[in-house]
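Using this note's numbering, count along the sequence shown one by one with no gaps and you end on 1692. Note that CB positions come from ideal geometry on N, CA and C, so glycine has one too. See below for the structure under consideration.
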Amino acid sequence: MATVKVKFRPLAGDAEQGRLYIQIIHERQVKLISTPYIVNVAEWDSERGGFVASVSAGRREELYRVNHSLQCHIGRVKAIISRLDKTMLFYNVGDIADECRSYVARFRLFAFFEHRIGQLKLKNKIRTAQNYRSTMNSFKSFLHGEDIIIDLIDADMIERYEAFLQARRLRPNTTSFYMRVLRAVCNTAADEGAFVLPGIFRHVYTGVDKTEKRALPLTVLRRIHSMDLAASPALDYARDIFMLSFFTRGMSFIDMAFILKTDLNNGYLTYSRHKTRQMLKLKWTAEMQRIIDKYPSNTSPYLFPILINPQSNLAYAYRNISYRINSSLKKIAVLAGYPESFTLYSARHSWASVACTQGVPISVISQGMGHDSERTTRIYISSIDSSAIDRANSKVISSLF
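Laid out in structure tokens, this is it:
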């Protein structure tokens, strides 16, 4: 039976420090696997094979983290040995070391992120892939670019990451977004690697707070719709895409980008929502066609003038066009005299808002937006301008006088 221990080896030319190794002994063969941990001679008890108890307060926390990592390393090696015992009749320490190297290469966090991003792109889940990359870049910034094996991530590190995000004044929903994506990646890795990450996200916020209203008032929508933007093609285009989203019941940008011309038949547009795969059908109107007719040069197979060059890198083109549209919408907000910036996603909230104020039942709004439940629709509706409620409250108060 193989044995696994931590060993200390002095650094060449340095009598004060040494590197820690994982020592594997099997069938009288010995193999040392290097770790990145360098500690002082006085901090290591070679006879006991562990850290001494009397270390300075300034080093205690750091050595606690090193010890946690070492225990994870040992647990990982033992799990590999257990698997080899079950699957191989004969193996040596070299086989164990090879399995360890393969494991480390596969489950380094950023390498695994890239693996998952590649899988998502193959499934045409472009927006989700972008979310994964944003989270990876954020966590990479937190770790100062240093990669980490996923099974070394613990609750303390996750809490420090949350503090890092909060120090950057990110909103709770943004912080929660990063946490949820990171949790999804860690859980997927744990499933594939057969290791456990016990409750490492239990002390951080992963919920969703009620967001600030994103719906534009009807008066502002009318103003934007009627603005003469012919002098600025970029702004005119952004307004057209925004209004197309509004006219199509708040259709998401990812759906707009990939709807085919063949999806429009006999005056009806039929498509599958990218997010939920739910089939939706809407009546094609003159307002929609008028905007489409403004872009006769769109010879791509896609209906909306977004991915007009199908030979390009679609993921890059999608991301670039989305960025440019939202940037232009900020300028349109200023021209329209609207004090807040808005994005293409505001068209979806705006459609729900206008539909509600026009007396459309929530059940109908929910179906029109392709929501799985009315609960989701109510989140949109709850963000509607409260001026009507304020006026009602004023009437109640004035009735007392």
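- For secondary structure counted as the alpha helix (DSSP H) over 4 or more consecutive residues, the region 1601–1660 holds these complete runs in sequence order: 1605–1626, 1637–1648, 1653–1660.
- Residue 1308 has 1331 as its beta-bridge partners, per DSSP.
- At least 8 angstroms separates the beta-carbon of residue 1604 from that of residue 1591.
- DSSP, reduced to helix, strand and coil, places residue 1377 within a helical segment of the structure shown.
- DSSP lists 1309 as the bridge partner or partners of residue 1301.
- Its chain contains 1442, 1443 as the residues whose beta carbon lies nearer than 6 angstroms to that of residue 1363, once the 5 sequence neighbours on both sides are disregarded; these appear in chain order.
- For residue 1512, the enclosing alpha helix (DSSP H) covers residues 1509–1517.
- Using a C-beta cut-off of 8 angstroms, the region 1524–1544 makes contact with the region 1639–1652, since at least three inter-stretch Cβ pairs fall below that distance.
- Between the beta-carbon of residue 1387 and that of residue 1481 there is about 22 angstroms, and that puts the pair past the 8 angstroms contact cut.
- Inclusion of residue 1570 and residue 1561 in the CB contact set at 8 angstroms is warranted, their separation being smaller than that value.
- Counting of Cβ neighbours within 10 angstroms places residue 1567 among the exposed residues, the total staying below 16.
- Between the C-alpha atoms of residue 1580 and residue 1426 there is a straight-line separation of about 38 angstroms.
- Counted as a single uninterrupted DSSP element, the alpha helix (DSSP H) harbouring residue 1456 occupies residues 1446–1458.
- Residue 1466: member of the alpha helix (DSSP H) spanning 1463–1484, first to last residue.
- The C-alpha of residue 1563 is placed about 20 angstroms away from the C-alpha of residue 1654.
- DSSP lists 1335 as the bridge partner or partners of residue 1342.
- Ranking 1615, 1549, 1315 by CA distance to the CA of residue 1594 puts 1549 first.
- Residue 1662 counts as buried, since no fewer than 16 other beta carbons sit within 10 angstroms of its beta carbon.
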